[in-house]
Amino acid sequence: MPFFITGDCIGCSACAKICPVLAISGEPKQRYEINIRRCVSCGVCGRVCPKNAVLDGHGNPCKSIPRKNWKKPSIDTKLCSACGICVTWCRAEALRISPPAFHGDIHVFAQLHEPAKCVGCALCEENCPLGAITMTEAQA
1 MPFFITGDCI GCSACAKICP VLAISGEPKQ RYEINIRRCV SCGVCGRVCP
51 KNAVLDGHGN PCKSIPRKNW KKPSIDTKLC SACGICVTWC RAEALRISPP
101 AFHGDIHVFA QLHEPAKCVG CALCEENCPL GAITMTEAQA
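Numbering follows UniProt numbering, with no gaps: position 58 of the sequence shown is 58.
This is the structure we're talking about:
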């Protein structure tokens, strides 16, 4: 179910800047809106909203969560076929296909190359055809 931005929105654009599917638009200092056709209910918008002005698909207010506590993808390299679907879905460009470890190496796989760029949207996990990606709690 799509998320919703309430009247508490201050128009800071944090949600629009981070949305992995570009579902949020608006004007500065005015209430932003979520395009319900594009929203994938990943919750990233709610995690960055400084006013807790985002409601989840059940009408519950989302809580702001520090980025260091966001879930990140963990990739099972034995299952991954390096198809690249996760890389394509990752608008944040946090994932890549690993380079070969040595000349002639054919075991390549997806990897979280830039963890700081990951927004924790889980689109990589949801779209992996082999189930090789699992979103895991942030490591301390």
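Cβ coordinates follow ideal geometry from the N, Cα and C atoms, glycine included.
Every beta strand (DSSP E) stretch that sits fully inside the UniProt domain "4Fe-4S ferredoxin-type" (71-100) and reaches 3 residues is listed by chain position as 72-75, 95-97.
Proximity to G46 across E137, K63, H58, T88 peaks at K63, based on C-alpha coordinates. Per the Cβ contact rule, the region 119-135 is in contact with the region 83-99 (3 or more Cβ pairs under 8 Å). For P61, the pairing in a beta bridge is given by DSSP as L55.
L22 sits in coil when the DSSP states are folded into three classes, being neither helix nor strand. Residues of the same chain with a CB within less than 7 Å of the CB of D56, apart from the 5 flanking positions on each side, are F3, G43, G46, C62 in chain order. Between the alpha carbons of G104 and Q111 lies a distance of about 19 Å.
Going by DSSP, L123 is part of no beta strand (DSSP E) but of the alpha helix (DSSP H) stretching over 123-127.
Note on geometry: alpha-carbon atoms of A132 and F109 lie some 10 Å from one another.
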